[in-house]
Amino acid sequence: MKDLEKRALEYHDLDGIPGKIGTYSTKPCKSAEDLSLAYTPGVAFPVLEIERNSENAYRYTDKGNLVAVISNGTAILGLGDRGALASKPVMEGKAVLFMRFADIDVFDIEINEKDPDRLIEIIKAISPSFGGINLEDIKSPECFYIEKRLIEECDIPVFHDDQHGTAIIVSAGLRNASELVGKDLSGLKVVISGAGAAGLSTARMLSFIGVNRENIVLFDIKGALTKEREDLTELHRDFLTDRSYKSLAEAMEGSDVFIGLSKGGLVSRDMIRSMNRDPIVFALANPDPEISYEDAKSARDDVIMATGRSDYPNQINNVLGFPAIFRGALDVRATKITENMKRAASIALSKLAKEEVIREVIDAYGGEHFSFGRDYIVPKPFDPRVIEWEAFEVAKAAVEDGVALKPIEDWEKYRRELQNRVERHLR
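For the sequence shown, this note's numbering gives the first residue as 17, with consecutive numbering after it.
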């Protein structure tokens, strides 16, 4: 970890340039004439055009390809509440991923405000600048309320990635894992450790793709979410169980799936051994999973194991989700991101994992070869086809759901445009 710390800090100050992102001009400004067009007096004309018709902002400014990545720093990665300013490296990192994987421009915005209603008003007030808003690292349960209000009150997509990103990638991986072991989604018995933003959203997403809601049991730090508990909120209502479990270990006996969205070291090898045949284990706590990859594999040779780490197979990485989801949403001017759009993203990822892996992916991972199977249930983040496959399906779902203000008329042309965006980044 000391070596990683040293390299990470050097990376963030490489060549004496602080941070990871910057801004650049998309138009020339090399002459007096350019200056008169870019600023005064020429800039007055697009101002008047936008005043006349607000739709012109999408023609004369970067609004339509600009996303705000916003945090108040109350739930930074696994580090907790470190303050708005401390969240800036993470928000800059998120910006890099949007730029690199979806050709989307980003402003990272760190807001020093913990009151949910005031935070909502601030974000709503600045929302006209953007084509979409990605909320990040805002603690639960406030994050649910904040996202819900902003979705209702803004006319652009608002997406809290800590909730939905993980859920989308998990559902894609689970779809493929269950197919590999010959188990139907509707019959899976699922145990989820962690009932915060990611845990609740994952439970909802799994029920949306076909897992029986009654077969999903969630645990938080106090135990199972049961109907007898009086400390739970309306947010938990849909996933309260009648069953009584003394421990996480008891719930995992005879289960088919374990999804960890909590903290490291909660699951033992004996708990993995107690699961049904071909157990599916997504231990996603970072950097230390609920059970290590080595311990899970040593406990059961039939386990399908995924983590949030890049140094093991089956990395559940949110970068597979949010960039392409926003790309598709922006391209059709979606007013929101619907459940069907999330589902479309999940299905696209599960299908892409079954395709032959191309040379660009092999090269990006040091010559390692991959193919659909127990150690490859989701695509790799550096697969350049993710944008094309996923954004395409997200855009189609937005049109089908009636939330697209600018529906695609020529879908094959749109596919080529997505491919061109990828190629620009590969050059």
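Every residue gets a Cβ at the ideal spot worked out from N, C-alpha and C, and that includes glycine.
Can you list, in chain order, the residues of its chain with a C-beta nearer than 8 Å to that of Gln179? Leave out the 5 residues immediately preceding and following it.
Cys159, Phe160, Glu163, Ala213, Ala214, Leu216, Ser217
Under a three-way DSSP split, which group does Ser209 fall into?
strand
Run through DSSP, which three-state label would Ile225 get?
helix
Tell me, please, which residues DSSP counts as bridged to His176.
Leu151
Bridge-paired residues (DSSP) for Leu82:
Residue pairing by DSSP places Leu82 opposite Asp121 in a beta bridge.
Residue(s) in a DSSP beta bridge with Ala350:
Ala420
Neighbour-count burial assignment, Asn436, 16 or more Cβ in a 10 Å radius:
So Asn436 ends up on the exposed side.
Classify Phe61 as buried or exposed, calling it buried when 16 or more other Cβ atoms lie within 10 Å of its own Cβ.
So Phe61 ends up on the exposed side.
Under 8 Å, with one C-beta from each stretch per pair, do the segment 383 to 400 and the segment 185 to 204 reach the 3-pair mark?
yes
Specify, as a first and last residue, the run of the beta strand (DSSP E) that Ala360 falls within.
Per DSSP, Ala360 belongs to no beta strand (DSSP E); it is in the alpha helix (DSSP H), 355 to 368.
Please determine, among Ser145, Asp171, Ser87, Ile142, the residue with the shortest C-alpha to C-alpha distance to Asp131.
If we check each option's Cα against that of Asp131, Ser87 comes out closest.
Should the segment 329 to 344 be called in touch with the segment 400 to 408, which here means at least 3 C-beta pairs below 8 Å?
yes
Using DSSP bridges, identify the partner residues of Tyr381.
Bridge partners of Tyr381: none, in fact.
What did DSSP end up calling Gly239 once you bin it into helix, strand or coil?
strand
Can you find the residues in the same chain that come closer than 6 Å, C-beta to C-beta, to Arg289, ignoring five residues on each side of it along the sequence?
Ala315
For the candidate residues Val83, Arg253, Val206, whose alpha-carbon lies nearest to that of Gly276?
Val206
Ordered along the chain, which non-local residues of its own chain (more than five positions away) have a Cβ less than 7 Å from that of Ile225?
Ser187, Arg191, Leu201, Arg359, Ser362
Is it true that the CB of Ser366 sits closer than 8 Å to the CB of Leu282?
no
Can you tell me the Cα-Cα spacing of Ala350 and Leu421, whole angstroms?
6 Å
Would you kindly check if the distance between the Cβ of Ile320 and the Cβ of Ile232 is under 8 Å?
no
Cβ neighbours of His252 in the same chain (closer than 8 Å, five flanking residues each side left out)
Ala211, Leu216, Leu234, Leu241
Ala183 versus Lys18 - alpha carbon distance:
When rounded, the distance between both Cα atoms is 32 Å.
Just curious, the alpha helix (DSSP H) that Met287 is in, first and last residue?
285 to 289
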